[in-house]
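Visitor:
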Amino acid sequence: MTNSQLYSQAWLNYRKVRNRALAWLAAFAVVPLSAAYTSVRIMGSLLPGFVAAFITMSGAVYSMWQLITWACPRCGEVFGAPVKRRCRNCSLAKWDNNSPEGT
Ligand SMILES: [Zn+2]
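Whatever position you read off the sequence shown (first residue = 1), add 2 for this note's numbering.
#1: To the nearest angstrom, report how far apart Pro-34 and Lys-18 are at their CA atoms.
#2: Please classify Ala-62 as buried or exposed, where buried requires at least 16 neighbouring CB atoms within 10 angstroms.
#3: Which same chain residues end up closer than 7 Å to Ile-70 when comparing Cβ atoms and leaving out the 5 residues on each side of it in sequence?
#4: Hey, would you say Phe-30 sits closer than 7 Å to Met-66, going by beta carbons?
#5: What I want to know is whether the C-beta of Gly-76 ends up closer than 6 Å to one or more non-hydrogen atoms of ligand 1.
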């Protein structure tokens with residue numbers, strides 16, 4: 003039996019959650035302003051911009067929350083801030099596939 007793929011599924015999931023959070027943040031940065039600009043030009047109303055801001059902000063907040071509360075695949079505790087390279091609880095390095103409990 004090999005441990006080389008111990009956490010690979012978990013890291014794939016982490017990457018998915020992180021990319022989704024980045025995509026929502028990018029959408030929040032771009033979509034509301036473009037929607038507001040377009041709708042002011044076409045209808046003279048800012049409302050679609052506010053609606054777009056609310057939707058993308060909700061998505062960004064929710065996906066960031068998922069990212070920062072993501073559970074460590076080794077200890078099951080919250081891994082910690084996305085910029086950290088190691089689990090704040092068990093020190094498992096990010097992207098590490100080869101360190102079972104106790105190493
Ligand atoms: Zn951990």
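Ideal placement from N, C-alpha and C gives every residue a C-beta, glycine not left out.
Guide: Taking the definition as stated:
#1: 24 Å
#2: buried
#3: Ala-83 and Pro-84
#4: no
#5: Looking at the sequence shown, residue 76 is not Gly but Arg. Yes.
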